[in-house]
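Taking it in order: structure first as structure tokens, then the write-up.
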Amino acid sequence: MEQRRVALLFLLFLQSGQGDPLENYVNTEGASLFSATKKQLEARSTDECATKCEEETAFTCRSFQYHSKDQQCVIMADNSKSSTVLRRRDVILFEKRMYLSECKTGNGKNYRGTTAKTRDGVACQKWSDVTPHRPKFTPDKFPSEGLEENYCRNPDNDEKGPWCYTTNPELRFDYCGIPECEEECMHCSGENYQGKVAKTTSGLDCQAWDSQSPHAHGYIPSKFPSKNLKMNYCRNPDGEPRPWCFTTDPNKRWEFCNIPRCTTPPPSSGPTHQCLKGKGESYRGNVAVTVSGHTCQHWSAQTPHKHNRSPENFPCKNLDENYCRNPDGENAPWCYTTNSEVRWEYCKIPSCEASASSTEATMPPEQTPVVQECYRGNGQSYRGTSSTTITGKKCQSWLSMTPHRHQKTPRNFPNADLTMNYCRNPDADERPWCFTTDPSVRWEYCNLNKCPETGGSVSNSSAVSQVPSVEASSDTDCMFGNGKGYRGKKATTVTGTPCQGWAAQEPHRHSIFTPDTNPQAGLEKNYCRNPDGDVNGPWCYTMNPKKLYDYCDVPLCASSSYDCGKPKVEPKKCPGRIVGGCVANPHSWPWQISLRTRFRKHFCGGTLISPEWVLTAAHCLQRSPRPSSYKVVLGAHEEVNLETHVQVIDVSRMFLEPTRADIALLKLDSAAIITDKVIPACLPPPNYVVADRTECYTTGWGETQATFGAGLLKEAQLPVIENKVCNRYEYLNGRVKSTELCAGLLIGGADSCQGDSGGPLVCFEKDKYILQGVTSWGLGCAQPNKPGVYVRVSKFVPWIEAVMRSN
Numbered sequence: 001m002e003q004r005r006v007a008l009l010f011l012l013f014l015q016s017g018q019g020d021p022l023e024n025y026v027n028t029e030g031a032s033l034f035s036a037t038k039k040q041l042e043a044r045s046t047d048e049c050a051t052k053c054e055e056e057t058a059f060t061c062r063s064f065q066y067h068s069k070d071q072q073c074v075i076m077a078d079n080s081k082s083s084t085v086l087r088r089r090d091v092i093l094f095e096k097r098m099y100l101s102e103c104k105t106g107n108g109k110n111y112r113g114t115t116a117k118t119r120d121g122v123a124c125q126k127w128s129d130v131t132p133h134r135p136k137f138t139p140d141k142f143p144s145e146g147l148e149e150n151y152c153r154n155p156d157n158d159e160k161g162p163w164c165y166t167t168n169p170e171l172r173f174d175y176c177g178i179p180e181c182e183e184e185c186m187h188c189s190g191e192n193y194q195g196k197v198a199k200t201t202s203g204l205d206c207q208a209w210d211s212q213s214p215h216a217h218g219y220i221p222s223k224f225p226s227k228n229l230k231m232n233y234c235r236n237p238d239g240e241p242r243p244w245c246f247t248t249d250p251n252k253r254w255e256f257c258n259i260p261r262c263t264t265p266p267p268s269s270g271p272t273h274q275c276l277k278g279k280g281e282s283y284r285g286n287v288a289v290t291v292s293g294h295t296c297q298h299w300s301a302q303t304p305h306k307h308n309r310s311p312e313n314f315p316c317k318n319l320d321e322n323y324c325r326n327p328d329g330e331n332a333p334w335c336y337t338t339n340s341e342v343r344w345e346y347c348k349i350p351s352c353e354a355s356a357s358s359t360e361a362t363m364p365p366e367q368t369p370v371v372q373e374c375y376r377g378n379g380q381s382y383r384g385t386s387s388t389t390i391t392g393k394k395c396q397s398w399l400s401m402t403p404h405r406h407q408k409t410p411r412n413f414p415n416a417d418l419t420m421n422y423c424r425n426p427d428a429d430e431r432p433w434c435f436t437t438d439p440s441v442r443w444e445y446c447n448l449n450k451c452p453e454t455g456g457s458v459s460n461s462s463a464v465s466q467v468p469s470v471e472a473s474s475d476t477d478c479m480f481g482n483g484k485g486y487r488g489k490k491a492t493t494v495t496g497t498p499c500q501g502w503a504a505q506e507p508h509r510h511s512i513f514t515p516d517t518n519p520q521a522g523l524e525k526n527y528c529r530n531p532d533g534d535v536n537g538p539w540c541y542t543m544n545p546k547k548l549y550d551y552c553d554v555p556l557c558a559s560s561s562y563d564c565g566k567p568k569v570e571p572k573k574c575p576g577r578i579v580g581g582c583v584a585n586p587h588s589w590p591w592q593i594s595l596r597t598r599f600r601k602h603f604c605g606g607t608l609i610s611p612e613w614v615l616t617a618a619h620c621l622q623r624s625p626r627p628s629s630y631k632v633v634l635g636a637h638e639e640v641n642l643e644t645h646v647q648v649i650d651v652s653r654m655f656l657e658p659t660r661a662d663i664a665l666l667k668l669d670s671a672a673i674i675t676d677k678v679i680p681a682c683l684p685p686p687n688y689v690v691a692d693r694t695e696c697y698t699t700g701w702g703e704t705q706a707t708f709g710a711g712l713l714k715e716a717q718l719p720v721i722e723n724k725v726c727n728r729y730e731y732l733n734g735r736v737k738s739t740e741l742c743a744g745l746l747i748g749g750a751d752s753c754q755g756d757s758g759g760p761l762v763c764f765e766k767d768k769y770i771l772q773g774v775t776s777w778g779l780g781c782a783q784p785n786k787p788g789v790y791v792r793v794s795k796f797v798p799w800i801e802a803v804m805r806s807n
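Throughout the sequence shown, residue numbering follows UniProt numbering, covering 1 to 807 in sequence.
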């Protein structure tokens with residue numbers, strides 16, 4: 001009876017949300033929980049499983065995991081705070097938010113976190129103990145109040161919040177100082193605000209984060225899984241003084257929201273340091289001089305520079321005196337300077353030894369080319385640099401414990417080469433994998449192919465571009481993409497076990513994936529299929545009574561034409577810390593062209609987007625209106641000493657964008673010959689917006705400003721900067737149009753420059769490089785606070801395709 005009451009109280013507590021029971025759970029794909037107290041039940045859906053968890057009376061259900069192919073629901077008394085999380089395929093773990101939360105709503109009557117100390121740091125007495133204090137509130141008398149262990153609770157509805165009996169004989173009880181959940185208010189600058197306010201300070205409705213209308217933007221929820229960009233709720237993903245949103249008014253791109261501050265102290269931000277660790281957000285030292293020797297302006301002062309990075313706007317960032325700090329997620333601590341000509345600069349902070357040994361030591365040498373981007377066997381020997389999963393997610397560093405805690409560390413697996421966030425196979429799984437940076441997906445296999453049986457290396461991606469992703473009616477025994485449209489006749493698993501017929505119920509009973517319930521999925525006989533779109537590919541129920549299902553070894557189909565955006569030589573992808581970029585691996589950016597005068601002198605770059613077409617900047621064509629004045633050089637690595645395989649092709653026609661944007665198309669006099677050194681880049685979908693902070697690459701033979709590599713093709717890794725940020729006063733001050741994008745290091749030191757104009761800015765998306773920008777303009781080259789500006793290619797894809805079709 002009492003356990004039933006717990007479930008009913010919890011359901012009442014949930015009704016403050018929107019009625020969806022799963023909204024009150026945190027779900028993680030690929031995670032399985034070890035729990036001693038559990039029940040295994042049948043369930044046809046996660047909703048049904050959640051209902052069984054809520055109705056459980058034998059124990060308090062804190063989590064459940066759902067196995068879709070097994071149609072099984074396991075409800076458990078534990079969660080990830082009290083039990084070990086394991087890596088497992090095809091399982092989704094759901095944990096009740098209230099048992100994970102370490103904050104309180106209202107007076108904390110429903111707080112079920114694990115804080116076990118008072119506000120003064122005194123350890124709590126167990127609720128079941130009778131010493132040093134005989135309690136009035138005990139688990140047996142108040143079974144619905146969560147009086148477990150010695151955790152802080154509020155069984156008597158005290159208006160001051162959760163409390164506990166203390167282990168100090170002279171202090172019977174004290175309050176715990178549990179911070180408020182950021183639902184009705186915000187701590188600090190609202191970085192973790194989770195509420196549902198969706199109007200700006202002037203009363204404008206907020207635009208949904210997953211919408212690009214009326215304002216295109218780079219804060220895409222799927223690219224920022226930790227920022228909780230839900231619906232159209234006000235959020236603070238970019239280090240502003242408080243939450244904000246894009247508005248539904250076409251004339252007002254964004255505006256702040258009016259969120260009140262919480263009255264209780266914020267949660268601890270963790271340890272602080274007197275040296276540089278990571279980006280220096282925890283730095284609390286007393287350095288007050290910039291890298292150029294300028295004295296820092298006091299954070300509370302507004303002269304010589306007016307700003308909003310004040311102690312009032314950033315109350316949790318310790319903006320004391322004029323010490324260097326990082327309140328807003330920059331790349332390092334910084335400050336405004338007392339020099340009226342220099343608004344702000346980074347500071348030179350000594351590195352913490354632990355940070356230096358754990359990150360710098362694992363950085364690969366700059367000049368080491370990487371050629372192995374396929375794996376042999378099960379991939380335990382793979383030592384490439386791929387760090388993208390099969391669905392395009394970025395890998396989590398093996399040294400990191402966020403967002404996923406794990407035991408697969410370099411120390412625990414010293415021979416597995418767990419370097420940076422590169423795909424590896426430390427535990428002899430069937431192929432390389434990694435933990436992901438998405439909190440809702442614990443791990444995934446990596447986007448890598450098996451090496452050809454004859455040896456050698458291949459591209460680090462699946463052969464899926466230029467061909468349809470679903471090949472319905474195909475009867476070939478190979479697949480495209482994840483094989484959802486595979487209709488071949490493979491009928492054995494990877495281990496050679498025969499498949500059970502989809503209509504059969506022996507040896508395994510099942511009801512979700514049958515020919516009757518999924519008539520469009522091609523569930524004929526016992527052939528391998530992928531009716532649920534599993535990222536691991538086709539599978540089947542097996543004839544082994546002890547193995548419900550397994551995957552099938554269906555090979556990828558070879559592409560019938562060239563694959564855009566897939567170089568045959570793996571790019572070096574040198575990190576931005578290398579000043580001025582680095583010399584590229586020869587022919588690793590095979591779409592890069594050199595635009596030259598008829599006397600073959602290089603003056604601009606460009607990008608091959610199909611065998612007959614090149615995209616460049618319109619301002620590169622100002623020297624002459626005649627196509628005969630230009631030549632295009634393809635397949636080159638050296639600017640002057642052209643190799644014998646280089647193709648030199650005349651330009652037959654030129655097309656300037658009609659609205660005078662800085663973008664132009666060149667039609668070649670004859671089609672380029674596609675080789676391993678000449679391959680087109682892919683065009684993005686129309687109006688696609690690159691997510692903020694996406695790492696992209698610019699290449700060219702332009703001005704190197706005395707850095708190494710003059711005369712050789714160079715590359716630089718640059719993060720995209722959302723236009724909202726790039727247009728701030730201290731950066732480009734409103735100059736950047738919606739048809740342009742910014743990319744660069746605000747610290748300076750790497751950028752495109754003169755001679756790079758018209759060249760590519762490409763970004764890696766899942767399995768290929770996509771042309772997102774055409775190098776256009778900048779204020780100087782590689783100057784601090786002045787990122788480069790590129791024409792946003794996606795805005796002009798309809799024009800590009802129309803010109804190519806009609807010519």
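By construction, the Cβ of each residue, glycine as well, lies at the ideal position given by its N, Cα and C atoms. Keep in mind that this is a model prediction, so the values were computed, not measured.
Span of the alpha helix (DSSP H), counted from its first residue to its last, around residue i
| i | result |
| --- | --- |
| D47 | 46–55 |
| L100 | 97–100 |
| W799 | 797–806 |
Residue i (DSSP reduced to helix, strand or coil)
| i | result |
| --- | --- |
| E23 | helix |
| V689 | coil |
| H273 | strand |
| L14 | Unreliable placement is indicated for L14, whose pLDDT of 41 sits below 50; no coordinate value is reported for it. |
| A618 | helix |
| E366 | Confidence at E366 is low in this model, with a pLDDT of 36, below 50, so the placement of that residue should be treated as unreliable; the coordinate-derived value is given next. The answer is coil: DSSP assigns E366 none of H, G, I, E or B. |
| V793 | helix |
| C234 | coil |
| E471 | Here the model assigns E471 a pLDDT of 37, short of 50, so the residue's position is not dependable, and the following value carries that caveat. In the structure shown, E471 sits in coil (DSSP, three-state: anything other than H, G, I, E or B). |
| C725 | First, the amino acid is wrong: residue 725 is Val here, not Cys. V725 falls in the helix class under three-state DSSP. |
| K566 | coil |
| L610 | Here residue 610 is Ser; the residue named in the question, Leu, does not match the sequence. Of the three classes helix, strand and coil, the one that applies to S610 here is strand, per DSSP. |
| S440 | coil |
| K227 | helix |
| P684 | coil |
| P221 | helix |
| S594 | strand |
Where the beta strand (DSSP E) containing residue i begins and where it ends
| i | result |
| --- | --- |
| residue 878 | Nothing can be reported for residue 878, as the shown portion of the chain is limited to 1 through 807. |
| A664 | 664–668 |
| K38 | 38–42 |
| M76 | 72–76 |
Supposed close pair residue i, residue j - CB separation, criterion 8 Å
| i | j | result |
| --- | --- | --- |
| N526 | Q505 | 13 Å between Cβ atoms; not a contact. |
| Q125 | C181 | Incorrect: roughly 26 Å between the Cβ atoms, too far for contact. |
| S234 | C206 | Residue identity differs from the one stated: residue 234 is Cys in this sequence, not Ser. Going by Cβ atoms, the distance from C234 to C206 rounds to 6 Å, so yes, they are a contact pair. |
| Y346 | C296 | So it is not a contact: roughly 11 Å between Cβ atoms. |
| L665 | I649 | In fact, because the Cβ distance is near 15 Å, the residues do not count as touching under 8 Å. |
| C352 | H273 | 6 Å |
| E95 | V197 | The pair is not a contact, with the Cβ atoms about 26 Å apart (cut-off 8 Å). |
CA nearest to the CA of residue i, picked from the options
| i | options | result |
| --- | --- | --- |
| W244 | C257, K252, R253 | C257 |
| residue 817 | N27, S63, N733 | Here the chain covers residues 1 to 807 and nothing more, so residue 817 does not appear. |
| V449 | G496, T437, T388 | Note that residue 449 corresponds to Asn in the displayed sequence, not to Val. Nearest of G496, T437, T388 to N449, Cα basis: T388. |
| V122 | L171, N107, G190 | L171 |
| T739 | S628, E657, T597, W539 | E657 |
**OP:** May I ask you to verify whether the segment 25–40 touches the segment 74–91, counting CB pairs closer than 8 Å and requiring at least 3?
**Re:** Cβ pair count under 8 Å is three or more, so yes.
Subject >> Contact between the segment 168–188 and the segment 117–136 (3+ Cβ pairs under 8 Å) >> reply: yes
**OP:** Take every Cβ of the segment 185–197, pair it with every Cβ of the segment 254–272, and state whether three or more of those distances are shorter than 8 Å.
**Re:** yes
Original post:
Hey, is the segment 691–702 in contact with the segment 791–805, meaning 3+ C-beta pairs nearer than 8 Å?
Top reply: no
Subject >> Cβ pair count under 8 Å reaching 3, the segment 759–776 against the segment 611–621 >> reply: yes
Original post:
Counting pairs of beta carbons, one from the segment 673–689 and one from the segment 200–219, are three or more of them closer than 8 Å?
Top reply: Yes: at least three Cβ pairs fall under 8 Å.
Original post:
For the segment 606–613 against the segment 668–680, are there 3 or more C-beta pairs whose distance is under 8 Å?
Top reply: yes
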